[in-house]
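Colleague: Position one of the sequence shown corresponds to residue 1 (this note's numbering), numbered consecutively onward. Just so it is clear, CB atoms sit at the ideal spot from N, CA and C, and this is done for glycine as well.
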Amino acid sequence: MREVIGQKTFDDGLFKQHFLSKIPQQVQALLVSFQNNAVDELAASADRILELTKSNAEVFPVKEKPQTTRMT
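This is how it looks when you write it as structure tokens:
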């Protein structure tokens, strides 16, 4: 992100708040304990969390075929 904005100065606190607001809530919840870390460290941690949870996030719904009862 810093590469995108170049040499411009910005408020780290505001930047961190904006960054955290853009990531999934479950990742935000995990990063709460690291809130004093630099934004770069938070971003690296968020990337690792997303990589680890990505495979688990791809869940497909399964529809159960209704059972039919036979009347004999």
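Span of the alpha helix (DSSP H) holding residue 21?
Modeller: 12-21
Colleague: Please classify residue 38: is it buried, with 16 or more other beta-carbons within 10 angstroms of its beta-carbon, or exposed?
Modeller: exposed
Colleague: Have a look at residue 48 and residue 11 and give me their C-alpha separation to the nearest angstrom.
Modeller: For residue 48 and residue 11, the distance between alpha carbons rounds to 25 Å.
Colleague: Per DSSP, what kind of secondary structure is residue 29 in: helix, strand or coil?
Modeller: helix
Colleague: Apart from the five residues just before and just after residue 28, which ones in its own chain have a Cβ nearer than 7 Å to its Cβ?
Modeller: The residues are 20.
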